[in-house]
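Engineer:
There are 8 protein chains.
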Amino acid sequence: MNDQQELRELLQQIRDGRMNVEQGMQVLRNQMVQDLGHTKIDLHRELRNGFPEVIYAEGKTPRQVGEIFGHMRAHGNVLATRVTSKTAEHVLSLFPDACYDPLGRTLTHVHEEPSPGRGKTVIVTAGTSDLGVAHEARTTCRMLGIPATIVSDVGVAGIHRLFDQMEHLRQATVLIVIAGMEGALASVIGGLVDKPIIAVPTSVGYGAHFAGLAALLGMLASCASGISVVNIDNGFGAACAACRITRLLGQKDHAD
Amino acid sequence: MNDQQELRELLQQIRDGRMNVEQGMQVLRNQMVQDLGHTKIDLHRELRNGFPEVIYAEGKTPRQVGEIFGHMRAHGNVLATRVTSKTAEHVLSLFPDACYDPLGRTLTHVHEEPSPGRGKTVIVTAGTSDLGVAHEARTTCRMLGIPATIVSDVGVAGIHRLFDQMEHLRQATVLIVIAGMEGALASVIGGLVDKPIIAVPTSVGYGAHFAGLAALLGMLASCASGISVVNIDNGFGAACAACRITRLLGQKDHAD
Amino acid sequence: MNDQQELRELLQQIRDGRMNVEQGMQVLRNQMVQDLGHTKIDLHRELRNGFPEVIYAEGKTPRQVGEIFGHMRAHGNVLATRVTSKTAEHVLSLFPDACYDPLGRTLTHVHEEPSPGRGKTVIVTAGTSDLGVAHEARTTCRMLGIPATIVSDVGVAGIHRLFDQMEHLRQATVLIVIAGMEGALASVIGGLVDKPIIAVPTSVGYGAHFAGLAALLGMLASCASGISVVNIDNGFGAACAACRITRLLGQKDHAD
Amino acid sequence: MNDQQELRELLQQIRDGRMNVEQGMQVLRNQMVQDLGHTKIDLHRELRNGFPEVIYAEGKTPRQVGEIFGHMRAHGNVLATRVTSKTAEHVLSLFPDACYDPLGRTLTHVHEEPSPGRGKTVIVTAGTSDLGVAHEARTTCRMLGIPATIVSDVGVAGIHRLFDQMEHLRQATVLIVIAGMEGALASVIGGLVDKPIIAVPTSVGYGAHFAGLAALLGMLASCASGISVVNIDNGFGAACAACRITRLLGQKDHAD
Amino acid sequence: MNDQQELRELLQQIRDGRMNVEQGMQVLRNQMVQDLGHTKIDLHRELRNGFPEVIYAEGKTPRQVGEIFGHMRAHGNVLATRVTSKTAEHVLSLFPDACYDPLGRTLTHVHEEPSPGRGKTVIVTAGTSDLGVAHEARTTCRMLGIPATIVSDVGVAGIHRLFDQMEHLRQATVLIVIAGMEGALASVIGGLVDKPIIAVPTSVGYGAHFAGLAALLGMLASCASGISVVNIDNGFGAACAACRITRLLGQKDHAD
Amino acid sequence: MNDQQELRELLQQIRDGRMNVEQGMQVLRNQMVQDLGHTKIDLHRELRNGFPEVIYAEGKTPRQVGEIFGHMRAHGNVLATRVTSKTAEHVLSLFPDACYDPLGRTLTHVHEEPSPGRGKTVIVTAGTSDLGVAHEARTTCRMLGIPATIVSDVGVAGIHRLFDQMEHLRQATVLIVIAGMEGALASVIGGLVDKPIIAVPTSVGYGAHFAGLAALLGMLASCASGISVVNIDNGFGAACAACRITRLLGQKDHAD
Amino acid sequence: MNDQQELRELLQQIRDGRMNVEQGMQVLRNQMVQDLGHTKIDLHRELRNGFPEVIYAEGKTPRQVGEIFGHMRAHGNVLATRVTSKTAEHVLSLFPDACYDPLGRTLTHVHEEPSPGRGKTVIVTAGTSDLGVAHEARTTCRMLGIPATIVSDVGVAGIHRLFDQMEHLRQATVLIVIAGMEGALASVIGGLVDKPIIAVPTSVGYGAHFAGLAALLGMLASCASGISVVNIDNGFGAACAACRITRLLGQKDHAD
Amino acid sequence: MNDQQELRELLQQIRDGRMNVEQGMQVLRNQMVQDLGHTKIDLHRELRNGFPEVIYAEGKTPRQVGEIFGHMRAHGNVLATRVTSKTAEHVLSLFPDACYDPLGRTLTHVHEEPSPGRGKTVIVTAGTSDLGVAHEARTTCRMLGIPATIVSDVGVAGIHRLFDQMEHLRQATVLIVIAGMEGALASVIGGLVDKPIIAVPTSVGYGAHFAGLAALLGMLASCASGISVVNIDNGFGAACAACRITRLLGQKDHAD
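Chains as they are written, first to last, in full-length UniProt numbering: chain A, 1 to 256; chain B, 1 to 256; chain C, 1 to 256; chain D, 1 to 256; chain E, 1 to 256; chain F, 1 to 256; chain G, 1 to 256; chain H, 1 to 256.
#1: Along the chain, where does the beta strand (DSSP E) that runs through residue 228 (chain D) open and close?
#2: In the DSSP assignment, the alpha helix (DSSP H) including residue 150 (chain G) goes from what residue to what residue?
#3: Excluding the 5 residues preceding and the 5 following residue 230 (chain G) in the sequence, name in chain order all residues of the same chain whose CB lies nearer than 7 Å to its CB.
#4: Quick check: is the beta carbon of residue 136 (chain C) nearer than 8 Å to any beta carbon in chain D?
#5: Can you tell me the Cα-Cα spacing of residue 223 (chain C) and residue 216 (chain F), whole angstroms?
#6: Within 10 Å of its beta-carbon, does residue 113 (chain C) have 16 or more other beta-carbons around it, so buried, or fewer, so exposed?
#7: Pop quiz: residue 232 (chain C) and residue 174 (chain C) are said to be a contact at Cβ under 8 Å. What is the actual Cβ separation, rounded to whole angstroms?
#8: Quick one: is residue 89 (chain C) buried, meaning 16 or more other Cβ sit within 10 Å of its Cβ, or exposed?
#9: What does the alpha-carbon distance come out to for the pair residue 61 (chain E) and residue 141 (chain B)?
#10: State yes or no: is the C-beta of residue 109 (chain B) within less than 8 Å of the C-beta of residue 95 (chain B)?
#11: Tell me which residue opens and which closes the beta strand (DSSP E) that residue 99 (chain H) is part of.
#12: Can you give me, in chain order, the residues of the segment 72-86 of chain F that have a beta carbon less than 8 Å from any beta carbon in chain E?
#13: Classify residue 85 (chain H): buried if its beta carbon has 16 or more other beta carbons within 10 angstroms, exposed otherwise.
#14: Whose CA, out of F:226, F:135, F:134, F:82, lies closest to the CA of residue 55 (chain F)?
#15: When you check each C-beta in the segment 93-108 of chain D against every C-beta of chain I, which residues fall closer than 8 Å?
#16: Applying the criterion that 16 or more other CB atoms from any shown protein chain within 10 Å of the CB defines a buried residue, is residue 219 (chain F) buried or exposed?
#17: Between the C-alpha atoms of residue 116 (chain G) and residue 179 (chain H), what's the straight-line distance to the nearest angstrom?
#18: Between residue 80 (chain E) and residue 103 (chain E), is the Cβ-Cβ spacing less than 8 Å?
#19: On the CB-based measure, 16 or more other CB atoms within 10 Å of its CB, does residue 74 (chain E) come out buried or exposed?
#20: Are residue 123 (chain G) and residue 138 (chain G) closer than 8 Å when you measure CB to CB?
#21: Should residue 221 (chain A) and residue 166 (chain B) be called a contact, given that it needs their Cβ atoms to be closer than 8 Å?
#22: Using a Cβ-Cβ cutoff of less than 7 Å, which residues in the same chain neighbour residue 92 (chain B) once the five nearest sequence positions on both sides are dropped?
#23: List, in chain order, every chain E residue whose beta-carbon is nearer than 9 Å to that of residue 173 (chain C).
#24: Between residue 208 (chain E) and residue 187 (chain G), is the Cβ-Cβ spacing less than 8 Å?
This is the structure in structure tokens:
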């Protein structure tokens, strides 16, 4: 990773006496946080928890998103999530080479395609209506360099559609299972597959579904062991959790 | 049914002038409601909605339950539900031939075994911990004259246990599906079987299960069509719903 | 039923050696699931749980609904529920012979009127505002071949309106009781009629009604025995539950 | 009322110069609030909102209740509510002439029977299990001088039991309707009777009843007009509300 | 009351043999319920619980409201509540003499001003934002013939504004107290005034107010005795409850 | 303070006999409450709890806000909160010198800049999306004469951004900590700084955040001692709480 | 403060070369955190946020509490909260000079009475049942060196009891207002007093009070400006919040 | 794994014709599910999702647990969770070599120590009160053959205790973060470490913590990316999720 390389050099310069401590502090601080007034862009986040900073567009004005997008774009790839079409239009007018996915509501700028990591993430949805969340997850995976594919519409109301896909599912390194309604798909897959499963409840449903609460509680109370859950409709978070897992695969200290 | 027979005769006597209206009123009223002060026993309920009155023991003192039990026992079979062991002891000391099931918490007096009706009710449970509710349902079925059997511990965490029982399930007239945790069993069976399904969420689970709320919401939001739900832990109600259905089978006007 | 006929023939061909197992698998799989990329249409669902697949339009784009509608239309009757007027306009522009009911928000294509089954379903509403849900239920009944009529606006605030209709209600095979506010209508009818009752809470009400929660909890906690409940505003589900019941009537093994 | 008499004399003494303002203040203050350290007994509350102070025993230690009971007993009648049997034992050991009702959990000392006011309050319960709340209401009525009777166990599951009592109910000045489960009794009575109705939801029920929430929401969302509701299990509050109403009857300025 | 007069004559005709029972039934039934297909107008509701039927416009289409309005208008005064401006426009285009109050969202037709009853209802609001609910209450009072005035904006944040109005409040027969936020106004007035108090929580507030839940729970849990509560924002219901109370004042059997 | 000065003179006039009691009452009452019909403007509120009256615009019509704004403007500075852009336009058309902040949704008229009090309030936000609430707080501080600055976007996902600002935070007299999502920022700052901390949960977040509930519960349950919390999104309330604290600093009786 | 003194000396030794950095680190680490295996006692917490570590006994076994109590006792004063009588017995058997308050459930060891700070904290309770929480707050104040007194039982149901105490309340530096039921006391005091107010909702109440939820929501939604709230029953937290405020009073940089 | 070995041999026998299909079916079925009447022990679960069946003791009687324990003990290692001390006593009386951990409430029989897998799981707790859940997690890890250690009592109220342990945390393969109160520890660690994080909310807390709800919602809404969550107090589930992850490490197809 580029960031780590630069950091190591800087520290070496300090150690060798080519730079004094105060100068080093100054350089580091400038590199790490770019202050736009309303927002502090955290450029070195990747060094700490392994994720580049992402623009969470909800609650931000189109102008704010555009400004942050521009600054981050100058440093490399950019991912913005929860982008309304109105905000997308504004940003696209500034940066016509950005790419907007209206179903997943993501806006991306790919300066350089992330080099694909190890492992295979399979994103499974219970119904067509869950596809938006699946798209958010897949785009996030791509930006994090995780190979990912979507298997859609295999909910338990027609359980043979799921069984048709079992071979595919069993080959996954990590499974992201996205379901609204009662969220039973996570339990069923959890009982059949021994891989890490990240369940995403969606707000698809009505009445006593209470905007995703039914699926959320169901997944948390699942009778299948070892399923973990992220927030309702949080395709982005599920992809990040998958990334935390697949990153383990290439690490020497575990694999030998 | 006995009750209907008696009623018809009475009305005939009035029509024939053998009894005047006021006398008839008196007789009917006395027969219908027996007033114990704290409780009005509704002896003719069976005439209206087809269910004999049942003692719901929760919130009643042992003495109250004992008194009502005694009065109803003089008219035929008795079923009391939600009976604590303390109340059961009191009633058994008064009527040693009553029968207490500590798992299902029912107390019964069977004067005459109800003649078995048509149809076959299969009571399915997801786990061993749901057995108490299944017992309440089975005892209620028996008192209503519905043949019923229990298939226990076939939850979706080990879905092949369910598939082993599919033949059995497909032969049912009505299915009562009892599950705690996320309640996914109802959805899976609902997708595989075309018979009436009454789902009973149970309070088995912990944490975000919120005493049955997760299973309840999950069953209501089920992606399988045509599942209907009764209250949490309500084995009694599920059996009554099954009874309303199986009673249809013997009725001439529908069957030809 | 057509589907079953075709299936039997296919299996016979395999048995007779006219088709080998692999070919049979291929044919079946193709027939069963039609994969549109975003959606897997489950054409054989009817074989398993007795319901043809239905388009749940909420959360789907007009284009997705149009595409699925077109594919299913090629195989027979189509029912889409929760269709907004905007989506309806799009589909009608593609298939002008489709039929949209704005009150029940259903969109249908009737290739061949389903042959009417046995039994009589009566749909009862507490108030005029519950009519949309009743329409969804009635249209679903029609598509499933269940004779159904609506009795509207007989809520308990004017209980004599209900009593005027008792004769009508008593002749039903199954009752679907639709009520918002406190949902008391289900309890009252449940105490007066001995037929299967499927209660549908509606989101009609305000304030402490919490979008149907008051009616839902009230119906679940009903003091009348054997009422079962479907999700808030779920007229479709209630009709399916009624269908699971009325289908029992024509079956030989129960009726003799 | 005694209190008002004393107050008038005092003010007259001040006006006549027999007592100066500071002395008057002193006397009044002493009379009004008796300070026990942990509790300030509000002896003149009756002058303001018409209710004598009542001991709410929940969350108070037996010793605290005993001490307050003793002080109030010295000034006249005493009513304590939510008294556990343990606290009752302690107070009875101090004041053996106090009277404990274990069902309604009230503890009373009647120095002088309150002279009965006008109007007739009828307390109606849906089931036997609601009797405890009805007792609390009746005892409170008695202490406030309101004639009150209980009609118990007339819930809507057997609606003819209610119709048998309609004549009785129509003669009431005020109705207190106490019901657990779905609380439908309040709606039904509200549609049949034109008198003030105070609905009391009770915690009788289980599962999705959520300790009275179902009945509370149902009564608030009732389709019958003009029903007002007090807190779950609050028989005391319902009696006070009835008292505020029946007190109007004797007042000259309204009645002519 | 007109309705009662007509009914008495009819019964007398039957008694005198001028009309037979079947004819009488026919006349009554026709008079009582006017069936518009979607709605059964309950013309005799006033005979039973004292309230004329009112149009609850929420969830009804403008056309439905217009149709019902027209039919009821032919029989006398009309009150419709929860009327959106869009529906109001439609009805006003049909019946230009109807009167719409956009703040209280009521639509009325006054054929004959109801003769004012006894008693004085004072409607108190905590803040200006609660005025819409107060208007709904006042219009309902007027249509029921109850004299009513509004005292607005006297919430406890400036408690002296309340004390300035105490004299006014003490002269009321019934108080309707309308408050959002924490709803404390009901408790404070309840501690100062001995008249019947109907508390109306409003949805005014934000965040943890949860659309009226905070005020509702606060009023139910009020430390002041004998306050009863109606649904959130339910000015109409509060007026009906006041009406049930003030009607008592003119009745002979209580007042002497 | 001006108000107190005027009041003291008035009382002196009464004491000196230059004005009689009734006249004094009249003057005071007029000064204190200005009655606009729908609203009683509480001009002397500052005398009681130290805050000038503020216009809470939510639920008020543009015209009402304009009218109140005009009356208060005649007496000095004005602050209106929760002002929609539509209402702002209306008021600005009447009073073009008013100032609207669309992010914080405040509308102000500054007749005379409040003289700055003691102490330093630092407003900290977890993310850019919390800035609107921070603006409401800062504007309120300014109108109350409290020096305040904003430190934005230092949430715990990049905890070093917070540590960079620790020096700044430690110099504060009072900290207002504004955070959505899980609200963890309040706990972390609470563990590091010993100054008064007022936590403001915001509605920024989605899914299981439930419009601020997650942050609210998290802040209330914080493991850091002595954090107190105001309502969701309540920047105004937080500033008032800060004002109650900083006002203590100049008071003689505490400081020596 | 002792801790700061020791720390300064240590750093001076390092600066003077009397101790090297590694030794200093070792000493500091040892002093700061004492590791008991299950618990890390944070002895220097006082340096960071001004509060000595306190034992939160809920969820800890008597043995664990005893062990932690013993270790902290060796370093000075100790405060344990939420101590059951069973745990208290165990600890008292080990350290007979510890002091247990069963009402407030605190267990203390006072090695040296904390020197009293500036300011005056007044703890106000609405009812006698809130006294336990008030005791917890007062004991915490004492251990933190804040002068504090309790004014109990002045709830708004008898508002003159509150007005009798206004003079007392106005002299407070900080007010802790403790109330269950609807929690209206906080709003009323907030409208009358201009000092910092920390509101503590209590779990005193029943039914729709939902274990403190009604009071909590009411206090958060209070119409009085600038009230801040701590968790239900959290007397300890309220005292800490008061401490954060009163500590400001003696600080030079603010007071001149 | 042993199970897989046996299965392969069986299938080979069938392929080689040494066993016919029906015999194979019989053997498999017998091996897979052992039916105790109330419970079907799923002996081959390990083949499907990689977890041996575990006894969830909540809601089971001591006798049932004892019986299942005995049967599973005959096949190898046994783990029972949520075991009350009463049940433990019963089972220990039957199998004195079983091992009970009262803090974690697990009961185990270790026939053969599971051979330790790859990777290192670090279990972190915020407070001493969370230790029970940590014990459940650690025991589960041990039974699944995952090396695991506990780092306890490093909550964010004393954030330096956490920083002292960072080196330790960074060396983990997977982190299980267990926290009650507001659950902020998960967010802070998530921002600092790039490994998979499984967050476990606990029911430690009170009042507005609502038995773990505050921590659960906070963790789901966490601002740190890629944290996934299991049910409240579910140490067992967290260990299983960790197991699903660490099992990936030894698999050839990923590691090269």
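Here a beta-carbon is modelled for each residue, glycine too, at the ideal position from N, C-alpha and C.
Structural biologist: Considering the structure as presented:
#1: 227-229
#2: Careful: residue 150 (chain G) lies outside any alpha helix (DSSP H), inside the beta strand (DSSP E) at 148-151.
#3: 198, 200, 237, 238, 241
#4: no
#5: Their backbone Cα atoms lie some 37 Å apart in a straight line.
#6: exposed
#7: Under the criterion of beta carbons closer than 8 Å, residue 232 (chain C) and residue 174 (chain C) do not qualify as touching, at roughly 20 Å.
#8: Its Cβ having fewer than 16 others within 10 Å, residue 89 (chain C) is exposed.
#9: 46 Å
#10: yes
#11: Where residue 99 (chain H) is concerned, the enclosing beta strand (DSSP E) stretches over 99-101.
#12: 82
#13: exposed
#14: F:82
#15: The chain inventory of the structure shown lacks chain I, comprising the protein chains A, B, C, D, E, F, G and H.
#16: buried
#17: 35 Å
#18: Contact flag unset, no.
#19: exposed
#20: Taking 8 Å as the cut-off, the Cβ atoms of residue 123 (chain G) and residue 138 (chain G) count as close.
#21: No, they are not a contact pair.
#22: 98, 100
#23: Per Cβ cutoff of 9 Å: no residues; residue 173 (chain C) is ~24 Å from chain E at best.
#24: no
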